[in-house]
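Here the protein sequences come in this chain order: Y and Z. Count along the first sequence from 1, add 6, and you get the number used in my numbering. Count along the second sequence from 1, add 59, and you get the number used in my numbering.
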Amino acid sequence: MTWSEMQPLLSQGTLDTLYMVLWSTLVTVAGGLPLGVLLVLTDKGGLLQNTPVNKVVGVIVNIGRSLPFIILLIALIPFTTLVVGTFIGPTAMIVPLAVGAIPFFARLVETAIREVDHGLVEAVQSMGGSIATIVRKVLLPQALPSLVSAVTTTVIVLVGYSAMAGAVGGEGLGSKAVTYGFQRFETQFMLITVVILVGMVTAVQLVGDGAVRLLARRGRTAS
Amino acid sequence: MITTTGLTKVYESRGRKVTALDGVDLHVREGEVFGVIGQSGAGKSSLIRCVNLLERPTSGTVTVAGQDLTALAGRGRRATKELREARSRVGMVFQHFNLLSSRTVEDNVELPLEILGISGAERSRKALELLDLVGLADKAKAYPAQLSGGQKQRVGIARALAGDPKVLLSDEATSALDPETTRSILQLLRDLNQQLGLTVLLITHEMDVVKTICDSAALMKKGKIIESGTVSGLLATPGSELARELFPVDGEASGPESTVIDVTFHGEAATQPVISQLSRTYNIDISILGAAMDTVAGKQIGRMRIELPGRYEDNVVPVGFLREQGLQIDIVDPDEAAAPAEPVALPAQGGAALLEEGAK
C-alpha cells in the first residue's frame, strides 16, 4: 500500500473515531454525572438516603461495568437499532459506547464527590441551602478537578472502546486497522493506526492534566 | 433567645445505642455570649448541631427567637423549606472554617446571599461590607488557601453574618488557632456581640475562651448540663465545679497549725486591697498559696488561696472580716472547717455543698 492509498483511509478513520469519541463522551457525562451524584446522595448517611434506590442503581452499574465491552456491543444491537435505526456506522456506535462508559464514569464521579469534605455540606445546610444547592454549589464545584480527571480517563477508555467497535460494524481507526492492517497483512498501515491512537490518547491526557492543574492551583497553593 | 427543653439525642450504630444528649435544658438570653464547655465526647458538638437541627434530636424541643424549630422540621429526613428559612437566620462558624476552596473569599461570603436569592450587585455590596467589618476588605479576591487560619475564620464569621442573623453558633471556632489568633477572633466575636446585639452560643473545650468572652456558661458532662449560670453567678456559688475550673487555685497547708481558705473575688470587693487590710487590722501574716485573677466581661474576678496561721477556731474573726468585705470564703480543709463553724459562717446550702465536695 502506498501512502497515497493509505492517507484517505487514515484521515477518514481518524475523523470517525473523533466523532464517535466526542459524542459518546458528551452522552456519557450527561448520563453518568447524575447517576454518580445519585449514588452518593442515596447512600447510607447521604442527604437523600434511600437504600433500595442505591442498591438497584449500584447493581445496574456493576453489571454494566463487569460485562466485557465486546459482549455489550453485540447484546445492544437491537437497542441500538431501535434508537438510531441502524447498528452500523459511527453514529450507531455512540449508543454502545455511551452505555458501556456511563457505569464506569458514574463510579468515578461517585468517588470524586465522596471526597468533598462533609463540613462544607454542613456549612451550606446551616445557611439554609437545599439539596439542589448543595449539589450545584458545593459538591460539583469542589469536586471539579477530580471530575475533569474522571472525564479524561473516560475519554481514553472510549478511544479504546471505539477501536473495538470497529470489529462489529463501527467505523474509525479500529475498523481500518482490522480490515487493512490485520486482514490484508499491511503491517505498515497497522503501525500507523497504532501511532495515531497513541498520539490521540497522549493528547487527551495532556489536555486533561493541564486542566486539572489549572483548577487545582487556586485551591491549593498560595501565590 | 435560644431555649432547649429535654433535648435528647441517641445515636444507634449496629444495634448499640449511644446517648449523646441526655435531657438538656439550656437557656440563652438575648444579647449574651453563652459558652458550653466540656471535654470531647461530652455531647457539646451534638448540642450545637441540634440547635439548628443539623442533627435531628431524638426528643425534646429547640426554640430559637421564639420559633420552635423542632416543630418546623417535619417528619422526613429532608429539611423542610420552613426549617431552611429558619436556619438562614442563624449563623454558624466552624472549627475547620469550612470555606469552599473553589471560591474566592468574596464569593464564599456571597454564598448564603445566593441561597437567600439576593441579586448580584446587592450580594457583592453586602459581602464587601461584611469583609470590611471583620477586617479583611483587602482579601476579597483571594482564595481561602492563600489565607492564614485566623483570616479564614474571619471569613467564616463574615459568611455567618451574611443573612443578618440574630444568633451566632460557634462550633469550637478557635480550637484550630494559635493563642494569639484565638484572642483576636474572640475579641471580634465580643465586638460583634456588642455592636450588633448578636446572641452567641459557643461550644469549646478551652476554659480561656469562656473566661475571655462569656457572660454565661454551662458545664457539660456525659450528655448532661452539670452546671450553668452567669460566670459571676457561678463564681459566687460555693463548690461550683466550673468556677474551680475557670479559676484553678491549689496549694497545700504548710502544717497542721494553719488555716487554708479560698477567697473568691467578684463585684466591688475585687477592687479593694482586702488582703493587706486584713493583715494590718489583725496583725497576722498571710501567705498566698495560689491565685487566679482575670477580667471577665469587664469585671475583675478571680480566686485566691491563702494561708492564715493558727487553727480555724483562731481565725473566725479574720474570716468574718473578709466576709464583711463582701468576699466569698471557702474553707479548704474539711477537717478544719469543722461543723461548728459552718452555721456561723456559710449559708446553709453552700456549706452542705462544700462538705459534700470534701467527702468526695
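Every residue, glycine too, gets a C-beta built ideally from N, C-alpha and C.
Mind checking who Z/S287 pairs with in its DSSP beta bridge? In the second sequence, residue 287 of chain Z corresponds to position 228, counting from 1. Note: Z/S287 sits in a beta bridge opposite Z/A277.
List the DSSP bridge partners of Z/I272. Numbered from 1 along the second sequence, position 213 holds the residue referred to as residue 272 of chain Z. In DSSP, Z/I272 forms no bridge with anything.
Can you look up Y/K50 in the DSSP assignment and give me helix, strand or coil? If you number the first sequence from 1, residue 50 of chain Y lands on position 44. Three-state result, Y/K50: coil.
Using beta-carbon positions only, say whether Y/M206 and Y/V165 come within less than 8 Å of one another. If you number the first sequence from 1, residue 206 of chain Y lands on position 200. If you number the first sequence from 1, residue 165 of chain Y lands on position 159. Yes, Cβ-Cβ distance for Y/M206 and Y/V165 is below 8 Å.
Straight-line Cα distance separating Z/P332 from Z/T64: To locate residue 64 of chain Z, count along the second sequence from 1; it is residue 5. To locate residue 332 of chain Z, count along the second sequence from 1; it is residue 273. If I take the Cα positions, the gap works out to 44 Å.
For Y/K143, decide whether its Cβ has a neighbour in chain Z, counting only Cβ atoms nearer than 8 Å. Translated into the one-based positions of the first sequence, residue 143 of chain Y becomes position 137. Yes - at least one Cβ of chain Z is within 8 Å of the one on Y/K143.
Which chain Y residues sit within Cβ distance under 9 Å of Z/E144? By 1-based counting over the second sequence, the position of residue 144 of chain Z is 85. What Z/E144 touches in chain Y: G134.
Could you give the distance in angstroms between the alpha-carbon of Y/V101 and the alpha-carbon of Y/K61? Taking the first sequence and counting its residues from 1, the one referred to as residue 101 of chain Y is at position 95. Taking the first sequence and counting its residues from 1, the one referred to as residue 61 of chain Y is at position 55. Their Cα atoms are separated by approximately 25 Å.
C-beta neighbour in chain Z for Y/L150, strict 8 Å: As a first step, residue 150 of chain Y must be located in the first sequence, where it is residue number 144. With 8 Å as the cut-off, Y/L150 counts as an interface residue toward chain Z.
Within its chain, find whatever has a CB closer than 6 Å to the CB of Z/L128; leave out the 5 residues flanking it on each side and keep chain order. One-based indexing of the second sequence puts residue 128 of chain Z at position 69. Only L112, V121 and A145 meet the Cβ criterion.
Please report the Cβ distance between Z/S441 and Z/I360, rounded to the nearest whole angstrom; I am assuming they are in contact, meaning their Cβ atoms lie under 8 Å. Since the first residue shown for chain Z is 60 and the last is 419, residue 441 of chain Z is missing from the structure and cannot be characterised.
For Z/K198, is the classification buried or exposed, using 16 other Cβ atoms within 10 angstroms of its Cβ as the cut-off for buried? Indexing the second sequence from 1 puts residue 198 of chain Z at position 139. Per the 10 Å Cβ criterion, buried.
Have a look at Y/L41 and Z/Q212 and give me their C-alpha separation to the nearest angstrom. As a position in the first sequence, residue 41 of chain Y is number 35, starting the count at 1. As a position in the second sequence, residue 212 of chain Z is number 153, starting the count at 1. Each residue's alpha carbon lies about 35 Å from the other.
What would DSSP say about Z/K200, mapped onto helix, strand or coil? Numbered from its first residue, the second sequence carries residue 200 of chain Z at position 141. DSSP places Z/K200 in coil when its eight states are reduced to three.
Which residues in chain Y have a C-beta closer than 7 Å to the C-beta of Z/P171? List them in chain order. Here residue 171 of chain Z corresponds to residue number 112 of the second sequence, with the count starting at 1. By Cβ distance, chain Y contributes M133.
Using DSSP's beta-bridge definition, name the partner residues of Z/F153. Your numbering for residue 153 of chain Z matches position 94 in the second sequence. Looking at the DSSP assignment, Z/F153 forms a beta bridge with Z/D230.
How would you write the range of the alpha helix (DSSP H) that Z/D250 sits in, first residue to last? Indexing the second sequence from 1 puts residue 250 of chain Z at position 191. Note, Z/D250: alpha helix (DSSP H), P238 to L255.
Please classify Y/I80: is it buried, with 16 or more other beta-carbons within 10 angstroms of its beta-carbon, or exposed? In the first sequence, the residue the question calls residue 80 of chain Y occupies position 74. Answer is exposed; the Cβ neighbour count stays below 16.
Within chain Z, partners of Y/T139 - CB distance below 7 Å: Here residue 139 of chain Y refers to the residue found at position 133 when the first sequence is read from its first residue. In chain order: I174.
Where Y/T8 sits in the DSSP three-state scheme: Translated into the one-based positions of the first sequence, residue 8 of chain Y becomes position 2. Residue state, collapsed to three classes: coil.
Looking at the structure shown, is Y/M26 part of a helix, part of a strand, or coil, going by DSSP? What you label residue 26 of chain Y is simply residue 20 of the first sequence in a count that begins at 1. Y/M26 falls in the helix class under three-state DSSP.
Please list the terminal residues of the continuous alpha helix (DSSP H) segment that includes Y/Q148. Here residue 148 of chain Y refers to the residue found at position 142 of the first sequence. Run containing Y/Q148: L146 to A171, per the alpha helix (DSSP H) assignment.
Taking just the CA atoms, how far does Z/A302 sit from Z/C17? It is not possible to answer for residue 17 of chain Z, since the shown part of chain Z is limited to 60 through 419.
Along the stretch 99-113 of chain Z, where does the CB come closer than 7 Å to a CB of chain Y? Name the residues. N111 and L113
Using a C-beta to C-beta distance shorter than 8 Å, which residues of chain Y count as neighbours of Z/G222? Indexing the second sequence from 1 puts residue 222 of chain Z at position 163. Near Z/G222 (Cβ distances below 8 Å), the residues of chain Y are M133 and G134.
For Z/N252 and chain Y, any beta-carbon pair shorter than 8 Å? On the second sequence, position 193 is the one that residue 252 of chain Z refers to. Chain Y, which has no Cβ nearer than 8 Å to the Cβ of Z/N252, makes this no.
How would you list, in chain order, the residues of chain A whose beta-carbon sits under 7 Å from the beta-carbon of Y/L44? Among the protein chains in the structure shown, which are Y and Z, there is no chain A.
What residue range is occupied by the uninterrupted beta strand (DSSP E) comprising Z/Q336? Sequence index remark: in the second sequence, residue 336 of chain Z carries index 277 (1-based). Looking at the DSSP string, Z/Q336 is not in any beta strand (DSSP E); the run it does join, the alpha helix (DSSP H), is V333 to Y341.
From Y/A171, Y/T185, Y/G180 and Y/F195, pick the residue whose C-alpha is nearest to that of Y/F243; which is it? Nothing can be reported for residue 243 of chain Y: it is not among the residues displayed for chain Y, which extend from 7 to 229.
So which residues of chain Z does Y/P102 contact, with C-beta pairs closer than 8 Å? Numbered from its first residue, the first sequence carries residue 102 of chain Y at position 96. Listed by position along chain Z, the residues whose Cβ is nearer than 8 Å to that of Y/P102 form an empty set, because the closest Cβ is around 35 Å away.
On the criterion of 16 or more Cβ atoms from any shown chain inside 10 Å, does Y/Y167 qualify as buried, or is it exposed? Counted from its first residue, the first sequence places residue 167 of chain Y at position 161. Y/Y167 should be labelled buried.
Straight-line CA distance for Z/I107 to Z/L245? For this step, residue 107 of chain Z is matched to residue 48 along the second sequence. For this step, residue 245 of chain Z is matched to residue 186 along the second sequence. Rounded to whole angstroms, Z/I107 to Z/L245 spans 18 Å at the Cα level.
Give me the Cα-Cα distance between Z/Q254 and Z/N374, rounded to the nearest whole angstrom. Indexing the second sequence from 1 puts residue 254 of chain Z at position 195. Indexing the second sequence from 1 puts residue 374 of chain Z at position 315. Each residue's Cα considered, the two are about 48 Å apart.
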